[in-house]
Amino acid sequence: PPQMLEDEIDSVINNLKSRLENQKQDLDLYLKARGMDMDALREESRPVAETRLKNTLALLELAKAEDIKIDEKAFQTEASQTMASLMQSLSEKEARRLFEQPVYGNLMNNIMANMLTARAYDSLRSFASEGASAIALAAVQPATEETGDALSSEDDIFTELEEDLDSEKDASIVITGEAE
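Counting along the sequence shown from 1, when you hit position 128 you're at 840 in the numbering used here, and nothing is skipped either side.
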């Protein structure tokens with residue numbers, strides 16, 4: 713949706729602003745150094761925002777399809793931690809604004825969406841691990857039947873595959889899709 717994409721572009725630019733501020737630089741100087749204006753930066757940020765938005769929407773759909781829920785207590789804890797972190801990093805005026813509607817409602821929705829997408833991502837990793845195990849099992853069984861070197865059972869194969877998957881700590885999954 714166009715408005716979601718514009719919001720995501722704003723988020724990409726705000727992340728850039730924060731990184732620049734952490735380096736004691738400002739966005740205007742950054743734009744001048746790169747010979748671009750804000751419109752050009754927005755266009756440059758569009759592909760990143762589109763990818764992030766597609767990933768988020770796909771993960772939210774997975775969360776819905778898998779009926780993934782967030783425990784109210786876990787949500788309250790995350791919301792409290794997020795608010796405390798924001799209060800420390802914002803000016804007093806900006807911090808007060810967090811509690812105004814619709815800012816507060818949007819913030820809570822974003823926290824919930826982030827928690828849902830994180831859980832959906834964990835589920836996706838689990839599905840991928842299970843799928844990889846099943847594919848590997850299918851590939852191993854014919855080979856062991858030919859050589860006679862079969863493991864004692866399917867459970868042994870799954871155990872070995874799970875150990876291999878557990879050792880790959882830095883694996884990541886990227887969801888891609890075409891624009892609708």
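Cβ coordinates follow ideal geometry from the N, Cα and C atoms, glycine included. This one's a predicted model, so the numbers in the text were calculated from it and none came from an experiment.
- Counting only runs of 3 or more residues that sit fully inside the stretch 764-834, no beta strand (DSSP E) segment turns up.
- Under the three-state reduction of DSSP output, G747 falls in the coil class, being neither helix nor strand.
- In the structure shown, P759 adopts helical secondary structure according to DSSP, grouped into three states.
- With contacts defined by Cβ atoms closer than 8 Å, L836 and I780 do not form a contacting pair.
- Per DSSP, the unbroken alpha helix (DSSP H) holding P714 starts and ends at 714-734.
- Distance between N734 and N822, taken at the CA atoms: about 23 Å.
- Rounded to the nearest whole angstrom, the CA to CA distance from K785 to M750 is 41 Å.
- A straight-line Cα-Cα distance of about 16 Å links A761 and N826.
- Burial state of A745 is exposed, judged by a 10 Å Cβ sphere holding fewer than 16 other Cβ atoms.
- The three-state reading of DSSP puts D738 in coil, since its state is none of H, G, I, E or B.
- With a threshold of 16 other beta carbon atoms within 10 Å, A840 falls short and is exposed.
- In this structure A796 is exposed. Its beta-carbon is surrounded by fewer than 16 other beta-carbon atoms within 10 angstroms.
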